[in-house]
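A.B. asks: Please read through the structure below; I'll follow up with questions.
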Amino acid sequence: MTNCYLMFPQYNPILFSFGIFSIHWYGIMYLISFYFIMWCASKRIDLIHLNKKKIENILYYSFLSAVIGGRLGYVLLYKINMLFLDPYYIFKIWEGGMSFHGGLTGAICAMYYFSKRYRYQFFKITDFFAPLVPFGLGAGRIGNFINGELWGRVNTSFCLTMLFPNSRSEDLELLKTNPQWQIIFDKYHVLPRHMSQIYEMFLEGVLLFIILNCFVKKCKPTGYISGLFLLLYGLFRTIAEFFRQPDPQIGLLFNYLSLGQILSFPMIFIGIILIVYSSCNIKRKLK
2 MTNCYLMFPQ YNPILFSFGI FSIHWYGIMY LISFYFIMWC ASKRIDLIHL NKKKIENILY
62 YSFLSAVIGG RLGYVLLYKI NMLFLDPYYI FKIWEGGMSF HGGLTGAICA MYYFSKRYRY
122 QFFKITDFFA PLVPFGLGAG RIGNFINGEL WGRVNTSFCL TMLFPNSRSE DLELLKTNPQ
182 WQIIFDKYHV LPRHMSQIYE MFLEGVLLFI ILNCFVKKCK PTGYISGLFL LLYGLFRTIA
242 EFFRQPDPQI GLLFNYLSLG QILSFPMIFI GIILIVYSSC NIKRKLK
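Under this note's numbering, the first residue of the sequence shown carries the number 2, and numbering increases by one thereafter.
Structure below.
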């Protein structure tokens, strides 16, 4: 048994406060993401036949729709009980809790609306923005880590697991069915867990960003990049979920799969269809 576990750095989730008004790191991560994506979009505007004003409109409303969809998705999919306990919980974004799948749905709806408004092909818009999204995903996972939330599953034999103070209540529940961990809990008062936030930051943030932007440099048919984004995110999220602690109120479905994995399977399926369809479509046009 190893004892070289990492200690959670105990970050203050609040950057600074003005009286009752506080600026949270979680919100700062989203703000940084927005301006980074805006900057990148302005640098590669030659890849899309829309002017800067239209690009900004799409980005503003897609970002807003992603935040609304992300929060609604999180509450409805993961914390529906909180609506009955605290009706205002849905507005407390600073406490953390955003669903990527809900946010993606919101952003897609906004982009579809603007594709109709500007009479511009929908998948050309999604292909333009898809390679930039992973930066926001990575930043969001950093926010999760700073908040000390969304920790991973317990692993007592891996030395690079971390002791999260906020996991104590869940650890106490796990001890009821895993008494072999009692010695470790007595020593550290919590159980060592995978740093799933960091794993996801590298997979869904760094690695996905690098791969998509490498493909952007190549001439790919319309819809291909969007399909690749859906496919790779779905795969990376499915892998990461095996290390991430399932939400206690939901647990594992079918005793094996998390809700995050089940929601990612349609993304993988749709991504494959888009890649195949766009590739076959360009071949037909070349004939």
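Cβ atoms here follow ideal geometry from the backbone N, Cα and C, with glycine treated the same way.
Assuming contact is defined by CB atoms lying nearer than 9 Å, are methionine 39 and glycine 139 in contact in what I supplied?
C.D. replies: Sequence index remark: in the sequence shown, residue 39 carries index 38 (1-based). Sequence index remark: in the sequence shown, residue 139 carries index 138 (1-based). Taking 9 Å as the Cβ cut-off, methionine 39 and glycine 139 do not qualify as a contacting pair.
A.B. asks: CB phenylalanine 244 to CB proline 135, shorter than 9 Å?
C.D. replies: The residue given as residue 244 occupies position 243 in the sequence shown. The residue given as residue 135 occupies position 134 in the sequence shown. In this structure, proline 135 does not lie closer than 9 Å to phenylalanine 244 by Cβ.
A.B. asks: Distance check for isoleucine 29 and phenylalanine 17, CA to CA, integer angstroms please.
C.D. replies: Reading the sequence shown from its first residue, position 16 is the one you call residue 17. Reading the sequence shown from its first residue, position 28 is the one you call residue 29. Cα-Cα distance, rounded: 11 Å.
A.B. asks: At a cut of 8 Å, does the segment 159–167 reach the segment 41–51 through at least three beta carbon pairs?
C.D. replies: No contact exists between the segment 159–167 and the segment 41–51.
A.B. asks: Quick check: the Cα distance between serine 265 and isoleucine 81, rounded to an integer number of angstroms?
C.D. replies: Position 264 of the sequence shown holds residue 265. Position 80 of the sequence shown holds residue 81. Distance between the alpha carbons of serine 265 and isoleucine 81: 20 Å.
A.B. asks: When you compare each of Ser100, Met196 and Gly272 to tyrosine 225 by their alpha carbons, which one comes out closest?
C.D. replies: To locate residue 225, count along the sequence shown from 1; it is residue 224. Selected option, being the one with the closest Cα: Gly272.
A.B. asks: Could you check which residue in Met268, Leu51 and Ser23 has the C-alpha nearest to that of phenylalanine 115?
C.D. replies: Position 114 of the sequence shown, counting from 1, holds the residue named residue 115. The residue with the shortest Cα to Cα distance from phenylalanine 115 is Leu51.
A.B. asks: How would you label histidine 190, buried or exposed, when you count the other beta carbons within 10 angstroms and need 16 or more for buried?
C.D. replies: To locate residue 190, count along the sequence shown from 1; it is residue 189. Counting Cβ neighbours within 10 Å, histidine 190 comes out exposed, since fewer than 16 surround it.
A.B. asks: Check each candidate in His25, Trp26, Glu57 and Met83 and name the one with the smallest Cα separation from tyrosine 36.
C.D. replies: Counted from its first residue, the sequence shown places residue 36 at position 35. Of His25, Trp26, Glu57 and Met83, the residue nearest in Cα terms is Glu57.
A.B. asks: Among the residues of its own chain, which have a CB less than 7 Å from the CB of phenylalanine 64, if the five just before and after it don't count?
C.D. replies: Position 63 of the sequence shown, counting from 1, holds the residue named residue 64. These residues qualify, in order along the chain: Phe35.
A.B. asks: Would you kindly report the start and end of the unbroken beta strand (DSSP E) that includes histidine 25?
C.D. replies: As a first step, residue 25 is located in the sequence shown; it is residue number 24 there, counting from the start. Per DSSP, histidine 25 belongs to the beta strand (DSSP E) from 22–25.
A.B. asks: Give me the residue from Val277, Phe92 and Lys93 with the minimum Cα distance to leucine 231.
C.D. replies: As a first step, residue 231 is located in the sequence shown; it is residue number 230 there, counting from the start. Looking at the Cα atoms, Val277 is the closest of the given residues.
A.B. asks: Less than 9 Å between the beta carbons of histidine 289 and isoleucine 33, yes or no?
C.D. replies: With the chain covering only 2 through 288, there is no way to say anything about residue 289.
A.B. asks: Under 9 Å, do alanine 131 and alanine 67 count as touching if we go by C-beta distance?
C.D. replies: Translated into positions along the sequence shown, residue 131 becomes position 130. Translated into positions along the sequence shown, residue 67 becomes position 66. No, they are not a contact pair.
A.B. asks: Using a Cβ-Cβ cut-off of 7 Å (strictly less than) and excluding sequence neighbours within five positions of histidine 102, which residues of its own chain qualify?
C.D. replies: Within the sequence shown, numbered from 1, the residue matching residue 102 stands at position 101. The answer, listed in chain order, is Gly74 and Leu264.
A.B. asks: At 4 residues or longer, and completely inside the segment 23–101: list those alpha helix (DSSP H) runs for me, N to C.
C.D. replies: Qualifying alpha helix (DSSP H) stretches, in chain order: 26–44, 53–79 and 83–86.
A.B. asks: Going by CA-CA distance only, name the one from Cys5, Gln11, Pro247 and Leu7 that's closest to asparagine 148.
C.D. replies: Counting from 1 along the sequence shown, the entry for residue 148 is found at position 147. Checking every option, the nearest Cα to that of asparagine 148 belongs to Gln11.
A.B. asks: How about the segment 176–191 and the segment 246–253: do they share at least three Cβ pairs that are nearer than 8 Å?
C.D. replies: Verdict: no, contact absent.
A.B. asks: Looking only at DSSP bridge pairs, what is arginine 194 linked to?
C.D. replies: The count along the sequence shown starts at 1 and reaches residue 194 at position 193. In the DSSP output, where bridge partners are listed per residue, arginine 194 has Val155 and Met163.
A.B. asks: State the CB to CB distance for the pair methionine 163 and methionine 196, rounded to an integer number of angstroms; the pair is presumed to be in contact (CB under 8 Å).
C.D. replies: Taking the first residue of the sequence shown as 1, we reach residue 163 at position 162. Taking the first residue of the sequence shown as 1, we reach residue 196 at position 195. Methionine 163 to methionine 196, Cβ: 5 Å. Contact.
A.B. asks: I think phenylalanine 146 touches isoleucine 199, with their Cβ atoms under 8 Å apart; what is that distance to the nearest whole Å?
C.D. replies: Residue mapping note: residue 146 aligns to position 145 of the sequence shown, counting from 1. Residue mapping note: residue 199 aligns to position 198 of the sequence shown, counting from 1. 6 Å between Cβ atoms; contact.
A.B. asks: Let me know if proline 88 comes out buried or exposed under the rule of 16 or more other beta-carbons within 10 Å of its beta-carbon.
C.D. replies: As a first step, residue 88 is located in the sequence shown; it is residue number 87 there, counting from the start. By the 10 Å Cβ count, proline 88 comes out exposed.
A.B. asks: If contacts are defined as beta-carbon pairs under 8 Å, then leucine 213 and isoleucine 240 qualify, I think. What distance do you get, rounded to the angstrom?
C.D. replies: Locating residue 213 in the sequence shown gives position 212, counting from the first residue. Locating residue 240 in the sequence shown gives position 239, counting from the first residue. At roughly 17 Å, the Cβ-Cβ gap does not stay under 8 Å, so leucine 213 and isoleucine 240 are not in contact.
A.B. asks: Return the chain-ordered list of same chain residues with a C-beta closer than 8 Å to the C-beta of tyrosine 62, the five sequence neighbours on each side being excluded.
C.D. replies: Residue numbering aside, residue 62 sits at position 61 when the sequence shown is read from its first letter. Ala111, Tyr114 and Phe115.
A.B. asks: Any idea if methionine 268 is buried or exposed, counting beta-carbon neighbours within 10 angstroms, 16 or more meaning buried?
C.D. replies: Residue 268 sits at position 267 when you count from the first residue of the sequence shown. By the 10 Å Cβ count, methionine 268 comes out buried.
A.B. asks: Taking the beta carbon of glutamate 242 as the centre, do at least 16 other beta carbons fall within 10 Å, making it buried, or is it exposed?
C.D. replies: Within the sequence shown, numbered from 1, the residue matching residue 242 stands at position 241. It counts as buried.
A.B. asks: Could you check how far apart the C-beta atoms of serine 100 and leucine 78 are, in whole angstroms? I think they sit under 8 Å.
C.D. replies: Residue 100 sits at position 99 when you count from the first residue of the sequence shown. Residue 78 sits at position 77 when you count from the first residue of the sequence shown. The Cβ separation is near 6 Å, so the contact holds.
A.B. asks: For the beta strand (DSSP E) holding leucine 16, just list the boundary residues, first then last.
C.D. replies: As a working mapping, residue 16 is identified with position 15 in the sequence shown. From DSSP, the beta strand (DSSP E) with leucine 16 extends over 15–19.
A.B. asks: Can you name the start and end residues of the alpha helix (DSSP H) that cysteine 215 belongs to?
C.D. replies: Sequence index remark: in the sequence shown, residue 215 carries index 214 (1-based). Segment 209–217, the alpha helix (DSSP H) holding cysteine 215.
A.B. asks: Work out the CA separation of glycine 104 and glycine 235 for me, nearest whole Å.
C.D. replies: To locate residue 235, count along the sequence shown from 1; it is residue 234. To locate residue 104, count along the sequence shown from 1; it is residue 103. Each residue's alpha carbon lies about 14 Å from the other.
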